[in-house]
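For the record, the sequence lines run as chains U and F. The first sequence: position 564 = 564 (full-length UniProt numbering), numbered continuously. The second sequence: position 92 = 92 (full-length UniProt numbering), numbered continuously.
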Amino acid sequence: MAYSFPEEVLEHVFSFLSSDKDRNAVSLVCKSWYEIERWCRRRIFVGNCYAVSPEIVIRRFPEVRAVEIKGKPHFADFNLVPEEWGGYVYPWIVAMSAAYPLLEEIKLKRMVVTDESLELISKSFKNFKVLVLSSCEGFTTDGLASIAANCRNLRELDLRESDVEDLSGHWLSHFPDNYTSLVSLNMSCLGSEVSFSALERLVARSPNLRTLRLNRAVPLEKLPNLIRRAPQLVEFGTGAYSAEIRSDILSNLAEAFSGCKQLKGLSGFWDVVPSYLPAMYSVCSGITSLNLSYATIQSPDLVKLVSQCKNLQRLWVLDYIEDSGLEALAASCKDLQELRVFPSDPFGAEPNVSLTEQGLVSVSAGCPKLRSVLYFCRQMSNVALIAIARNRPEMIRFRLCIIEPRAPDYLTLEPLDTGFGAIVENCKQLRRLSLSGLLTDRVFKYIGTHAKKLEMLSIAFAGDSDLGLHHVLSGCESLRKLEIRDCPFGDKALLANAAKLETMRSLWMSSCSVSFGACKLLGQKMPRLNVEVIDERDPPDSRPESCPVERLYVYRTVAGRRVDMPHFVYTMDEDAALRFS
Amino acid sequence: MSMDTGNDLQGLEYSGSLKTELTLALPGGGGAETPTSGSKRGFSETVDLNLGTRSDDEASVVTQTHPPKAQVVGWPPVRSYRRSMMKSCKFVKVAVDGAPYLRKLDLETYSSYQELLSAFEDMFTCLTICDVMNEKKIMDSANGTEYVPTYEDKDGDWMLVGDVPWKMFVESCKRLRLMKSSEAMGLAPKTSSSKGSSIN
Chain U
1 MAYSFPEEVL
11 EHVFSFLSSD
21 KDRNAVSLVC
31 KSWYEIERWC
41 RRRIFVGNCY
51 AVSPEIVIRR
61 FPEVRAVEIK
71 GKPHFADFNL
81 VPEEWGGYVY
91 PWIVAMSAAY
101 PLLEEIKLKR
111 MVVTDESLEL
121 ISKSFKNFKV
131 LVLSSCEGFT
141 TDGLASIAAN
151 CRNLRELDLR
161 ESDVEDLSGH
171 WLSHFPDNYT
181 SLVSLNMSCL
191 GSEVSFSALE
201 RLVARSPNLR
211 TLRLNRAVPL
221 EKLPNLIRRA
231 PQLVEFGTGA
241 YSAEIRSDIL
251 SNLAEAFSGC
261 KQLKGLSGFW
271 DVVPSYLPAM
281 YSVCSGITSL
291 NLSYATIQSP
301 DLVKLVSQCK
311 NLQRLWVLDY
321 IEDSGLEALA
331 ASCKDLQELR
341 VFPSDPFGAE
351 PNVSLTEQGL
361 VSVSAGCPKL
371 RSVLYFCRQM
381 SNVALIAIAR
391 NRPEMIRFRL
401 CIIEPRAPDY
411 LTLEPLDTGF
421 GAIVENCKQL
431 RRLSLSGLLT
441 DRVFKYIGTH
451 AKKLEMLSIA
461 FAGDSDLGLH
471 HVLSGCESLR
481 KLEIRDCPFG
491 DKALLANAAK
501 LETMRSLWMS
511 SCSVSFGACK
521 LLGQKMPRLN
531 VEVIDERDPP
541 DSRPESCPVE
551 RLYVYRTVAG
561 RRVDMPHFVY
571 TMDEDAALRF
581 S
Chain F
1 MSMDTGNDLQ
11 GLEYSGSLKT
21 ELTLALPGGG
31 GAETPTSGSK
41 RGFSETVDLN
51 LGTRSDDEAS
61 VVTQTHPPKA
71 QVVGWPPVRS
81 YRRSMMKSCK
91 FVKVAVDGAP
101 YLRKLDLETY
111 SSYQELLSAF
121 EDMFTCLTIC
131 DVMNEKKIMD
141 SANGTEYVPT
151 YEDKDGDWML
161 VGDVPWKMFV
171 ESCKRLRLMK
181 SSEAMGLAPK
191 TSSSKGSSIN
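Okay, structure coming up:
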């Protein structure tokens, strides 16, 4: 039967589909739906830049307007991935500059971005609107100057947590005088001063500015003038929050803040002088997101501030808040959804603050909407974890870092298997989990049995044998990303579950017991996986095959092996098996 | 515990037709724990804990008090970005007599007076550090003007840079001024020394 539904109607229907999953499903229905869909897909998300090539993307999706690409594996954040491993965005920019002249958005995470790339972006896309560089590196303020100078329609420039080489603060002055479309600017990661008058003028001529995150070098005394020029701000990040204590500065700042009736998010707060915190009290009731994770102030000052934020949904804070502060948080902030507690002294041998498992238990008990947790602490117990699990069965992200590797339940000296077991058993929607403390293979059995929605799992210093890894790979149906360090997992579980790896984005294993021989075998037998051995010692074939590799990174790909590998990355494939035999 | 898990593992079939020359063995029998010469195997090798081989005694050993440890790479998992942001930061204004601009620098990024002098050279490109009779002096190479680095301390007094230990200087310095030598005559060093403007 001829299929005569007009294409235009189908295209219109498809235009309501924003999720990649839905669009991918649609494109599998039949050839004509595949064709129609691919011409109207506007947003592309590439979770691993080496899983596909720019050419393949462009060939299939010719009319893309927004691209999001991720590069290095997550453990690169903790210096486990050597410099020069890869993640270069330049080839993508070159290909897209030719194929997507109407491109509007580029969002990159953990990629190497050069000034050349930034300049090419600024000159290739006339309608360019959004640039987000999250944890990227490789560029300088000169690259930013190109963006400022050439992107006439820029709305968003967000450099969150990128490592930028600061050549000068003058890049900001490259925004032309008639440029008025700025909506969001995040320059919090920049080290040196920008020209303050240029910043003031930019803010003054940006009526649509909603997000402004300053860097540390902007002094507190300058804030009132800036804030007064942007009373419509929704998100604001201060610079260093300190000045000589003077009542005129305080009242000036308080008055400026009180003019921001739409403020919902606050961040910055380096070098906080507590006497200036009251300047913000007038806006606290509207605040939903508060990032105090650089604020080195003590619990009483933190509590005074936080307990005024009755509508708080997200709090990032240092462990200076202590158990008592978290109890106060639990009592005041009933809308809290996300809590991150960072360590003020992660490398100290002894605790410097009174923050224990109790703080987290209090918040889990008092905050009915809590579903995302990142918590660094120095002691944990199974009873606490069980309590947390029972309190919050709707938990989605649970990342616990007990600072001492292999620390047992401090009450019973047992492993924390049952505690984490309770987490996965009760929290049926759990999508992300990071484990720590003393853990045996048993915890992985619980995870494999119960964590059916788990997508990302991080494991360190845990387990007894390959059985642990096998439980995870064979049981976690939704697993996409698995990252493991310093665990006694070896060849058996990996090879027995080789097919599973094609259903995942990636697997990272460092300082484990996977042998070079097993890596070769895996690479040889699984052509649609890139099996990368990352080893900075002498080439792996200078040692017996049974020797473990330093690091292993396995990811599915339709692009074949990489062509930009440094000397310490070896791809295991059919050729490799011959080369290394 | 280990015997049960061993039996479970032996029942595994390889997925697909993946044949391997590796043999199954019970955990602890040497299958998974291959000797690790030269690999970064070892948290237990890098860290001064009394762990020895993996055993059920591990739990009790870990809870003994132990001396400060060597750091394990990437643990605890605090992002390097966050670690660098947490470092204390001390921005002070730097003025140069006769120049219209003020600059700022972060004293915490330097660990000695020598580094600070080099920073002046980088920041004010017309200035160079010269060795004159075994003393380092700051000079404007264009017109030969000599400068003396001075600072305002917590008490509001202007002192010559270089007379107190570095860390004490960082702690008490509120701002810097490169003063023309000719005007610096009145400044007495904090500790008595024969040559007023020398920097060690």
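The beta carbon of each residue, even a glycine, is placed where N, CA and C say it ideally should be.
Residue i burial status per 10 Å Cβ neighbour count (16 or more: buried)
{"i": "glycine 74 (chain F)", "result": "buried"}
{"i": "glutamate 115 (chain F)", "result": "exposed"}
{"i": "leucine 233 (chain U)", "result": "buried"}
{"i": "asparagine 497 (chain U)", "result": "buried"}
{"i": "phenylalanine 91 (chain F)", "result": "buried"}
{"i": "threonine 412 (chain U)", "result": "exposed"}
{"i": "histidine 12 (chain U)", "result": "exposed"}
{"i": "phenylalanine 16 (chain U)", "result": "exposed"}
{"i": "threonine 109 (chain F)", "result": "exposed"}
{"i": "isoleucine 69 (chain U)", "result": "buried"}
{"i": "serine 197 (chain U)", "result": "exposed"}
{"i": "serine 122 (chain U)", "result": "buried"}
{"i": "threonine 440 (chain U)", "result": "buried"}
{"i": "valine 514 (chain U)", "result": "buried"}
Residue i - containing beta strand (DSSP E), residue span
{"i": "residue 584 (chain U)", "result": "Residue 584 (chain U) lies beyond the stretch modelled for chain U, which goes from 1 to 581, so this question has no answer here."}
{"i": "methionine 565 (chain U)", "result": "Counting along the chain, methionine 565 (chain U) falls outside any beta strand (DSSP E), and DSSP gives it neither H nor E."}
{"i": "lysine 129 (chain U)", "result": "Counting along the chain, lysine 129 (chain U) falls outside any beta strand (DSSP E), and DSSP gives it neither H nor E."}
{"i": "phenylalanine 120 (chain F)", "result": "Taken as a continuous stretch (DSSP letters only), phenylalanine 120 (chain F) belongs to no beta strand (DSSP E), being part of the alpha helix (DSSP H) at 113-123."}
{"i": "alanine 66 (chain U)", "result": "66-70"}
{"i": "glutamate 146 (chain F)", "result": "146-152"}
{"i": "valine 554 (chain U)", "result": "551-556"}
{"i": "leucine 507 (chain U)", "result": "506-510"}
{"i": "asparagine 530 (chain U)", "result": "529-534"}
{"i": "glycine 237 (chain U)", "result": "235-237"}
{"i": "lysine 167 (chain F)", "result": "First-last for lysine 167 (chain F): 166-172, but that is the alpha helix (DSSP H), not the beta strand (DSSP E)."}
{"i": "arginine 314 (chain U)", "result": "314-318"}
{"i": "isoleucine 459 (chain U)", "result": "456-460"}
Beta-carbon proximity list for residue i, same chain, < 6 Å, skipping 5 on both sides
{"i": "methionine 572 (chain U)", "result": "Cys519, Lys520, Gly523, Val531"}
{"i": "alanine 95 (chain F)", "result": "Leu102, Arg177"}
{"i": "threonine 140 (chain U)", "result": "Asp115, Glu165, Leu167"}
{"i": "leucine 185 (chain U)", "result": "Leu157, Leu212"}
{"i": "proline 6 (chain U)", "result": "none"}
{"i": "alanine 254 (chain U)", "result": "Ala279"}
{"i": "leucine 374 (chain U)", "result": "Arg340, Arg399"}
{"i": "proline 146 (chain U)", "result": "A small fix is needed here, since residue 146 (chain U) is serine in this sequence, not proline. So the qualifying residues of the chain are Leu118, Glu119, Ser122."}
Same chain, Cβ closer than 7 Å to residue i, five either side skipped, listed in chain order
{"i": "aspartate 20 (chain U)", "result": "Phe45"}
{"i": "alanine 240 (chain U)", "result": "Arg216, Pro219, Leu220, Trp270, Asp271"}
{"i": "lysine 154 (chain F)", "result": "Ser172, Lys174"}
{"i": "serine 27 (chain U)", "result": "Trp33, Tyr34, Glu37, Arg38"}
{"i": "cysteine 89 (chain F)", "result": "Asp106, Glu108"}
{"i": "leucine 438 (chain U)", "result": "Arg406, Ala407, Pro408, Pro415, Leu416"}
{"i": "serine 324 (chain U)", "result": "Ser299"}
{"i": "alanine 148 (chain U)", "result": "Trp171, Leu172, His174, Phe175"}
Delimiting residues of the alpha helix (DSSP H) encompassing residue i
{"i": "serine 258 (chain U)", "result": "247-258"}
{"i": "lysine 31 (chain U)", "result": "31-40"}
{"i": "threonine 418 (chain U)", "result": "417-426"}
{"i": "glycine 138 (chain U)", "result": "Here glycine 138 (chain U) belongs to no alpha helix (DSSP H); instead the beta strand (DSSP E) covers 137-140."}
{"i": "leucine 374 (chain U)", "result": "Not the alpha helix (DSSP H): leucine 374 (chain U) falls in the beta strand (DSSP E), residues 372-377."}
{"i": "alanine 498 (chain U)", "result": "498-501"}
{"i": "aspartate 163 (chain F)", "result": "Careful: aspartate 163 (chain F) lies outside any alpha helix (DSSP H) and carries neither H nor E."}
Expected contact under 8 Å - CB spacing of residue i and residue j to nearest Å
{"i": "cysteine 547 (chain U)", "j": "phenylalanine 568 (chain U)", "result": "Wrong, their Cβ atoms sit about 16 Å apart, outside the cutoff."}
{"i": "serine 364 (chain U)", "j": "leucine 355 (chain U)", "result": "About 15 Å separates the two Cβ atoms, so there is no contact after all."}
{"i": "threonine 557 (chain U)", "j": "arginine 537 (chain U)", "result": "26 Å between Cβ atoms; not a contact."}
{"i": "tyrosine 553 (chain U)", "j": "serine 506 (chain U)", "result": "7 Å"}
{"i": "proline 566 (chain U)", "j": "glutamate 84 (chain U)", "result": "5 Å"}
Counting Cβ pairs closer than 8 Å, one from the segment 333-345 of chain U and one from the segment 104-112 of chain F, do we hit at least three?
no
Does the segment 465-479 of chain U come close enough to the segment 25-44 of chain U to have 3 or more Cβ pairs within less than 8 Å?
no
Between the segment 172-180 of chain U and the segment 122-138 of chain U, can you find at least three pairs of beta-carbon atoms closer than 8 Å?
no
Count Cβ pairs between the segment 151-162 of chain U and the segment 198-207 of chain U that sit closer than 8 Å; are there 3 or more?
no
Quick check: the segment 245-264 of chain U against the segment 114-128 of chain F, are at least 3 beta-carbon pairs closer than 8 Å?
With the cut-off at 8 Å, the segment 114-128 of chain F and the segment 245-264 of chain U do not touch.
Determine, using beta-carbon pairs with one atom in the segment 83-97 of chain U and one in the segment 492-510 of chain U, whether at least three such pairs fall under 8 Å.
no
Three or more C-beta pairs closer than 8 Å, one from the segment 448-462 of chain U and one from the segment 421-434 of chain U: is that the case here?
Touching, yes, given that three or more Cβ pairs across the two stretches are closer than 8 Å.
Do the segment 338-352 of chain U and the segment 302-312 of chain U meet, that is, are 3 or more Cβ pairs less than 8 Å apart?
No, because fewer than three Cβ pairs between the segment 338-352 of chain U and the segment 302-312 of chain U fall closer than 8 Å, the two stretches do not touch.
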